[in-house]
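Trainee: Line order of the protein sequences matches chains W and Y. Mapped onto our numbering, the consecutive letters of the first sequence carry residue numbers 1 to 489. Mapped onto our numbering, the consecutive letters of the second sequence carry residue numbers 1001 to 1156. Glycine included, each C-beta is placed from N, C-alpha and C at the ideal position. The structure follows.
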Amino acid sequence: MKVLVANRGEIAARVFKTLREMGVPSVAVHSAADRGAPHLDLADEVAALGGADGYLDGAALIAAARATGATAVHPGYGFLSQSAEFAAACEAAGLIFIGPTPEAMRLLGDKRASRRAAEECGIPVIPGANVCETNDDATRAADRVGWPVLLKAAGGGGGKGMRLVEREADLDEAFAAAQREAGAAFSDPRLLVEKYIAPARHVEVQILGDGREAVALGERECSLQRRYQKVIEEGPSPGIGAATRRALLDDAARLARRAAYRSAGTVEFLVGPGGAHYFLEVNTRLQVEHPVTEMITGLDIVAAQVDIARGGALPDAPAPRGHAIEARLNAEDPHRGFLPSAGPVLMLDWPARPWLRIDAGVREGGEVRPEYDPLIAKIIAWGGDREQARRRLAEGLRATTLLGVATNLAFLIQVLESDMFRRGETYTATLEKTAWPEPEAPAAAIAAARRALAAPAGAAAGDDAAGAAGPSDRHSPWAMPDGTGRLRP
Amino acid sequence: MSFVHVEHEGRRLRLAVVRTARGVWVGWPGGARFFGPERGEAAAAPGAPAEVRAPMTGRVVKVAVEPGRAVVTDDLLLILHAMKMEYRLTAPRDGVVERIFCAEGEMVDLGATLVAIAPAPAAVPAVAAPATAAGPATAAATRAAVPGAEGGGGAA
Chain W
1 MKVLVANRGE IAARVFKTLR EMGVPSVAVH SAADRGAPHL DLADEVAALG
51 GADGYLDGAA LIAAARATGA TAVHPGYGFL SQSAEFAAAC EAAGLIFIGP
101 TPEAMRLLGD KRASRRAAEE CGIPVIPGAN VCETNDDATR AADRVGWPVL
151 LKAAGGGGGK GMRLVEREAD LDEAFAAAQR EAGAAFSDPR LLVEKYIAPA
201 RHVEVQILGD GREAVALGER ECSLQRRYQK VIEEGPSPGI GAATRRALLD
251 DAARLARRAA YRSAGTVEFL VGPGGAHYFL EVNTRLQVEH PVTEMITGLD
301 IVAAQVDIAR GGALPDAPAP RGHAIEARLN AEDPHRGFLP SAGPVLMLDW
351 PARPWLRIDA GVREGGEVRP EYDPLIAKII AWGGDREQAR RRLAEGLRAT
401 TLLGVATNLA FLIQVLESDM FRRGETYTAT LEKTAWPEPE APAAAIAAAR
451 RALAAPAGAA AGDDAAGAAG PSDRHSPWAM PDGTGRLRP
Chain Y
1001 MSFVHVEHEG RRLRLAVVRT ARGVWVGWPG GARFFGPERG EAAAAPGAPA
1051 EVRAPMTGRV VKVAVEPGRA VVTDDLLLIL HAMKMEYRLT APRDGVVERI
1101 FCAEGEMVDL GATLVAIAPA PAAVPAVAAP ATAAGPATAA ATRAAVPGAE
1151 GGGGAA
């Protein structure tokens, strides 16, 4: 087997490391923007992708596999990883797709088909009505499932066309507004009505199948999200009991078996008050946060994917041990509306600790490209218990230095140190409901900046920075990139 | 480009300092920030053009104005695109577009000046407040940028 990794950044680097360890030859591909990117250095061969679509160009990826003699394709996450068409095209070209079959992707990757499949397996789904044409339909549906309800666009997601309706008197207005929004966003004004579950946790189960049998490898709690982007993930979930855990794992494995699931996937659930759980959706691919499960099970999920693709056996599900927490280091500024921040990586220094894992897609001297998503690295800490993992992750983040682009480093530490997180009171709405004031720069850092700016440009920075700290200057006008003062949210 | 150790509140603190052409990056345990040079008096003078700068590195996907165009506060000037998100930069104040420093399709760096807006001729004598010309300009650009962030995609 020779594997082409149809991806970039930290996930491509992570897959190459396992392929090297397994002695499997590998091929990296890159778009025009990614010439010289770090993931290329971990592969045995490199191929350039023509065209403007880069990693989304299935034909170019298959051509690169042919040209390099690759026999298999690992899609990573994002890009074409959940495209049943791409999986089918790989198979038609005689390439092994390291992922689910196109049939399983169609069944479980489609929201409505997967909800039906879950119901047929006896898995609870969020009570609701499929399409409501009129507000009278919606009122009847809401009376049936119980108020409050969520109106959701039938034609798409991402929060557009979504309205929380607390009581019947508010429904007409919300229905009209949601219809307008859904129509504008998806050219499809149809709405669904769903029971509103709050406070809710997002808990997902890692599954692994070989096309016949399937195992559930434990759950991850990913409730801390911002605009549907996960920020901190952990396993096991601090918010569910043994009975809920067993139900989640059993349900996920049953759904995987029913779909004759092959390779790695994730079944997502919402867990409401009292531990009631509801099926959300299936991600038919390797997930960004899969290292959380790897850290507590000791299993290499990518290696298992490769073994399964070669016709090997499904590994046993090891008993989880200890606790793992992952933080996503993003190139974005939490205190300026989470503006993304591309640019050169001028200085980069990661901590080395036996209990820390760092999956990074950048290196010093490289850059964060504006063409792709803002994930710089995932930092994952293992501890004997949750509190130890939390402290280790916070320490690891404090020992991380990245200069050249704004990052969410300080925000991640703030979240990890908050009482909310210490107590495990993590719900899907928590991050957005909480104010996260911008931490002040230490006076010594401001003084060092002033000294460096006073030195002639090009002079060795820091030479003169080892003096006493200057007076605190919290109203310093220097904090914006253009020196005009920093805005507070 | 190195670490230095300084005294801070009685403890040793490790700082990382990198000087760039535009300013200096300083990192400390748990944070980092870019510091630009302090602005001179000239830029803050009343009647000086307001400069709208790039709030992030990205591609200019649309330039909505041309030199000589009169604009009022919050008029769309241009749209920036980065990391699957779109940002609308709007006029920080009423005036006339004096100069545009970028073109559609061009990549611009964080902090780069994109548009200069001169006060409307009639308005010049009225501009008496010592409010910095550049401060509000960036404030407006940033404020305008925030709603654009709603477009963030839903990856896992």
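Can you tell me whether VAL1097/Y is buried or exposed, with buried defined as 16 or more other CB within 10 angstroms of its CB?
Mentor: What you label residue 1097/Y is simply residue 97 of the second sequence in a count that begins at 1. Classification for VAL1097/Y: buried.
Trainee: Interface residues of chain Y around ARG398/W at Cβ under 7 Å?
Mentor: Reading the first sequence from its first residue, position 398 is the one you call residue 398/W. Going along chain Y in sequence order, the residues near ARG398/W (Cβ under 7 Å) are PRO1029, GLY1030.
Trainee: Looking only at its chain, what residues have a beta carbon closer than 8 Å to the beta carbon of HIS1005/Y, apart from the 5 residues adjacent to it on each side?
Mentor: The sequence position of residue 1005/Y within the second sequence is 5, counting from 1. Only ARG1012, LEU1013, ARG1014, LEU1015 meet the Cβ criterion.
Trainee: Less than 8 Å between the CB atoms is what I'm expecting for ASP44/W and ARG8/W, so what's the real figure, rounded?
Mentor: Here the question's residue 44/W lines up with position 44 in the first sequence. Here the question's residue 8/W lines up with position 8 in the first sequence. Contact flag wrong, Cβ pair sits at about 17 Å.
Trainee: Within 10 angstroms of the Cβ of PRO354/W, are there 16 or more other Cβ atoms? Answer buried if so, exposed if not.
Mentor: One-based indexing of the first sequence puts residue 354/W at position 354. PRO354/W should be labelled exposed.
Trainee: Closer than 6 Å by C-beta to GLU500/W: which residues in its own chain qualify, once you throw out the five before and the five after it? Chain order, please.
Mentor: With chain W covering only 1 through 489, there is no way to say anything about residue 500/W.
Trainee: Mind reading off the beta-carbon distance from ALA429/W to PRO273/W? Whole number of angstroms is fine, and I expect it under 8 Å.
Mentor: Your numbering for residue 429/W matches position 429 in the first sequence. Your numbering for residue 273/W matches position 273 in the first sequence. That belief does not hold up - the Cβ atoms of ALA429/W and PRO273/W are roughly 13 Å apart, past 8 Å.
Trainee: Which residue spans inside the segment 26-108 of chain W form an unbroken beta strand (DSSP E) run of at least 3?
Mentor: If we require 3 residues or more, the beta strand (DSSP E) runs fully inside the segment 26-108 of chain W come out as 26-30, 45-48, 72-74.
Trainee: If you reduce the DSSP assignment to three classes, tell me which class ASP349/W lands in.
Mentor: Within the first sequence, numbered from 1, the residue matching residue 349/W stands at position 349. Strand, per DSSP.
Trainee: Just to confirm, is the Cβ distance from VAL1018/Y to LEU403/W under 7 Å?
Mentor: As a position in the second sequence, residue 1018/Y is number 18, starting the count at 1. As a position in the first sequence, residue 403/W is number 403, starting the count at 1. Yes.
Trainee: For a contact meaning CB atoms closer than 9 Å, what does ILE413/W contact in chain Y?
Mentor: Counting from 1 along the first sequence, the entry for residue 413/W is found at position 413. The contacting residues are GLY1030, GLY1031.
Trainee: I'd like to know whether the C-beta of ASP188/W is nearer than 7 Å to at least one C-beta of chain Y.
Mentor: For this step, residue 188/W is matched to residue 188 along the first sequence. Taking Cβ atoms only, chain Y never reaches closer than 7 Å to ASP188/W, which makes this a no.
Trainee: What alpha helix (DSSP H) runs, 4 residues minimum, are completely inside the segment 131-158 of chain W?
Mentor: Taking only runs of at least 4 residues, the alpha helix (DSSP H) segments lying wholly in the segment 131-158 of chain W are 135-145.
Trainee: Could you give the C-beta distance for ILE296/W and HIS323/W, rounded to a whole number, given that I count them as a contact under 8 Å?
Mentor: Locating residue 296/W in the first sequence gives position 296, where the first residue counts as 1. Locating residue 323/W in the first sequence gives position 323, where the first residue counts as 1. Indeed, because the Cβ distance is near 7 Å, the residues count as touching under 8 Å.
Trainee: Nearest-angstrom Cα distance between HIS1008/Y and PRO1029/Y?
Mentor: Here residue 1008/Y refers to the residue found at position 8 of the second sequence. Here residue 1029/Y refers to the residue found at position 29 of the second sequence. Distance between the alpha carbons of HIS1008/Y and PRO1029/Y: 12 Å.
Trainee: By a C-beta neighbour count over all protein chains shown, 10 Å radius and 16 as the cutoff for buried, is THR134/W buried or exposed?
Mentor: The residue labelled residue 134/W in the question sits at position 134 within the first sequence. It counts as exposed.
Trainee: Buried or exposed for VAL149/W, going by 16 or more other Cβ atoms inside 10 Å?
Mentor: As a working note, residue 149/W is residue 149 in the first sequence. Buried, by the Cβ-count rule.
Trainee: When DSSP labels each residue in this structure, what does SER341/W get in the three-state scheme?
Mentor: Counting from 1 along the first sequence, the entry for residue 341/W is found at position 341. Three-state DSSP puts SER341/W in coil, outside helix and strand.
Trainee: For ASN130/W, count neighbouring C-beta atoms within 10 Å of its own C-beta (all shown protein chains included) and say buried if the count is 16 or more, exposed if not.
Mentor: Within the first sequence, numbered from 1, the residue matching residue 130/W stands at position 130. Counting Cβ neighbours within 10 Å, ASN130/W comes out exposed, since fewer than 16 surround it.
Trainee: Can you tell me whether GLU528/W is helix, strand or coil according to DSSP?
Mentor: There is simply no residue 528/W to check, as chain W begins at 1 and stops at 489 in what is shown.
Trainee: With distance defined between alpha-carbon atoms, name the residue in ARG321/W, LEU339/W, VAL345/W nearest to MET1083/Y.
Mentor: Taking the second sequence and counting its residues from 1, the one referred to as residue 1083/Y is at position 83. Nearest C-alpha to MET1083/Y: LEU339/W.
Trainee: Assuming ILE325/W is part of the alpha helix (DSSP H), what are its boundary residues?
Mentor: Working through the first sequence from its first residue, we reach residue 325/W at position 325. Taken as a continuous stretch (DSSP letters only), ILE325/W belongs to no alpha helix (DSSP H), being part of the beta strand (DSSP E) at 323-330.
Trainee: Report the rounded CA-to-CA distance for GLU204/W versus ILE123/W, giving the unit in angstroms.
Mentor: Within the first sequence, residue 204/W is the residue found at index 204, counting from 1. Within the first sequence, residue 123/W is the residue found at index 123, counting from 1. Approximately 14 Å between the Cα atoms of the pair.
Trainee: How big is the Cα-Cα spacing for GLN305/W and ALA13/W?
Mentor: On the first sequence, position 305 is the one that residue 305/W refers to. On the first sequence, position 13 is the one that residue 13/W refers to. The alpha-carbon atoms of GLN305/W and ALA13/W are separated by roughly 16 Å.
Trainee: Following the continuous alpha helix (DSSP H) through GLY1031/Y, name the residue where it begins and the one where it ends.
Mentor: Counting from 1 along the second sequence, the entry for residue 1031/Y is found at position 31. First-last for GLY1031/Y: 1031-1035, but that is the beta strand (DSSP E), not the alpha helix (DSSP H).
Trainee: Looking at GLY209/W: is its Cβ nearer than 7 Å to the Cβ of ARG163/W?
Mentor: Position 209 of the first sequence holds residue 209/W. Position 163 of the first sequence holds residue 163/W. No, Cβ-Cβ distance for GLY209/W and ARG163/W is not below 7 Å.
Trainee: Let me know the secondary structure DSSP gives GLN287/W once reduced to three states.
Mentor: Within the first sequence, numbered from 1, the residue matching residue 287/W stands at position 287. Coil at GLN287/W, not helix or strand.
Trainee: Helix, strand or coil: which one does DSSP assign to GLU219/W?
Mentor: As a working note, residue 219/W is residue 219 in the first sequence. Reduced to three states, the DSSP call for GLU219/W is strand.
Trainee: Going along the chain, which unbroken runs of the alpha helix (DSSP H) with 4 or more residues stay wholly within the segment 153-232 of chain W?
Mentor: The segment 153-232 of chain W contains these whole alpha helix (DSSP H) runs: 171-186.
Trainee: Given that LEU402/W touches chain Y, what residues does it touch there, using C-beta distances under 7 Å?
Mentor: For the purposes of this step, residue 402/W is identified with residue 402 of the first sequence, where counting begins at 1. Here the neighbours are ALA1032.
Trainee: What separation, rounded to the nearest whole angstrom, lies between the Cα atoms of ARG328/W and ALA1070/Y?
Mentor: By one-based count along the first sequence, residue 328/W stands at place 328. By one-based count along the second sequence, residue 1070/Y stands at place 70. So the alpha carbons of these two residues sit roughly 44 Å apart.
Trainee: Alpha carbons only, please: which of ARG357/W, ARG363/W, ASN330/W, ARG451/W is nearest the one belonging to ASN408/W?
Mentor: Counting from one through the first sequence, the residue named residue 408/W turns up at place 408. Comparing Cα positions, the closest option is ASN330/W.
Trainee: Would you please verify whether the beta carbon of PRO38/W is less than 7 Å from any beta carbon of chain Y?
Mentor: As a working mapping, residue 38/W is identified with position 38 in the first sequence. Not an interface residue.
Trainee: Answer with yes or no whether the minimum CB distance from GLY109/W to chain Y is below 7 Å.
Mentor: Here the question's residue 109/W lines up with position 109 in the first sequence. No, its Cβ sits nowhere closer than 7 Å to a Cβ of chain Y.
Trainee: Taking a Cβ distance cut-off of 9 Å, strictly less, list which residues of the segment 337-351 of chain W are near chain Y, in chain order.
Mentor: Under the 9 Å Cβ criterion, the segment 337-351 of chain W contributes GLY337, PHE338, LEU339, PRO340, SER341, ALA342, GLY343, PRO344, LEU346, MET347, ASP349.
Trainee: Using three-state DSSP, classify SER237/W as helix, strand or coil.
Mentor: As a first step, residue 237/W must be located in the first sequence, where it is residue number 237. DSSP places SER237/W in coil when its eight states are reduced to three.
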